[in-house]
Each structure stands twice: as structure tokens, then as C-alpha cells.
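The opening position of the sequence shown corresponds to residue 860 in our numbering, with each subsequent residue numbered one higher.
Built from N, CA and C at the ideal position, the CB exists for glycine as well.
Computed from a predicted model, the values in this text were never measured in an experiment.
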Amino acid sequence: MGKILFVQYPKCGTCQKAGKWLKENNITVDSRNIAENNPTDTELTEWIEKSGLPINKFFNTSGKIYKEQNIKERVKNDSTKDLIKLLATNGMLVKRPIIVTDKAVLVGFKEDEWKDSLLS
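Below you can see the structure in the form of C-alpha cells.
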């Protein structure tokens with residue numbers, strides 16, 4: 860399958876659960892702390908394209924910054940390019956965990972989706 864990138868935030872409960880699941884299934888990943896190593900515009904552009912998901916799925920809608928800056932309105936009105944730039948400014952705006960493989964990008968931890976993509 861090639862290298863798997865696991866983009867996560869160590870203090871995030873969902874990320875911890877996802878990390879545990881990866882370990883239990885003997886899936887080796889390169890782990891990256893999103894708070895210390897923010898995804899770039901280029902990475903985000905590739906990931907969004909590869910995931911087939913709309914850009915709003917890449918926003919951490921339960922995050923403090925998202926709520927404080929009323930980003931919900933920007934997601935409705937700004938261009939994709941501007942939204943990618945915004946996501947690239949702060950890892951805490953990005954929904955996590957993210958799995959990046961040669962073939963797929965998974966956003967958030969949905970065990971069934973991860974099973975299908977990583978174990979088949």
C-alpha cells in the first residue's frame with residue numbers, strides 16, 4: 860500500500876482512538892502532529908481532490924477558532940482557494956484525524972470506512 864500518513868493531534872480523543880485502532884490492526888503509519896506541522900496549501904489541495912469530499916468536510920467545526928471567527932459563514936461564501944489558504948494557516952482549523960494513502964484520503968475516524976480502505 861505504500862506509506863500511510865496519519866495526521867493527528869495527540870490531545871484529540873478521536874485521534875487517540877484512531878491511533879489505537881491502527882495499532883490493533885498492525886497498520887504502520889508516519890504520524891504527524893497537525894498542531895506542530897500544519898498541512899500546506901499544496902497538500903490540502905491534493906488531499907481534498909483525492910478524498911472526493913467537499914472542502915467543508917476538512918474544517919474542524921467543533922474547534923474554538925472555527926466558532927470564534929464565525930468560519931461557518933466563510934465556508935458558505937469564500938472560494939475554495941481562499942478556504943484552502945485559511946486551513947493552511949492553522950492546523951487546529953483542520954478536521955482530524957486524516958489518513959493519506961496512495962489511493963485515498965480519509966477525514967475523521969469512521970471505523971467502517973477505515974476498515975474498507977486500509978484492511979482490504
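Straight through space, the alpha carbons of T960 and L946 are spaced by roughly 20 angstroms.
Judged by beta-carbon spacing, V934 lies beyond the 8 angstroms limit of P898, meaning their Cβ atoms are not closer than that value.
In the DSSP assignment, the residues bridged to I957 are V866 and V966. In the three-state scheme derived from DSSP, where H, G and I count as helix and E and B as strand, S938 is classed as coil. Residue nearest to Q867 within the set G967, D971 and D975 is G967 (criterion: CA-CA distance).
I958 is the residue among I958, Y925 and T873 whose C-alpha sits nearest the C-alpha of L903. Looking at K882, D900 and K879, the one whose alpha-carbon comes closest to that of D941 is D900. Following the DSSP letters along the chain, one finds S921 in no beta strand (DSSP E), marked with neither H nor E.
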